[in-house]
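Data block below; observations after.
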């Protein structure tokens, strides 16, 4: 599914949990692999917001307001991470 298509998919609590785990793992790997600072910061922002949102009730105003854009931000960051990491492996 393309990133543009994913943005149209409703975000469930389970989706946010999976994105949180993926973003956190990608962040750890990006740090270890010396990824560009802007990529690390993008992943850190998404992972941090997803962590905070996981502590809130799903029907709370902050979760409702921040959940979808944070999920989109995480998906973009993960797409960027996969592209950067894939290109790096091709060069190795």
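Numbering (our numbering), first residue to last: -12 to 79. Ideal placement from N, C-alpha and C gives every residue a C-beta, glycine not left out.
Cβ-based neighbour list, residue i, same chain, cut-off 7 Å, excluding 5 preceding and 5 following
i	result
residue 0	45
residue 54	-2, 3 and 40
residue 57	33, 36, 37 and 40
Neighbour flag for residue i against chain C, beta carbons, 8 Å
i	result
residue 16	The displayed structure is made up of one protein chain only, and chain C is not part of it.
Three-state class that DSSP yields for residue i in the structure shown
i	result
residue 38	helix
residue 55	helix
residue 49	helix
residue 43	coil
Sequence-distant residues of its chain with Cβ nearer than 8 Å to residue i (five each side left out)
i	result
residue 68	13, 16, 17, 22, 26 and 30
residue 50	40, 43 and 44
Closest by C-alpha distance to residue i, when choosing among the options
i	options	result
residue 75	65, 10 and 20	20
residue 5	52, 47 and 61	61
Extract the residue ranges of the beta strand (DSSP E) inside the segment -8 to 36, only unbroken runs of 3 or more that lie entirely within it.
none
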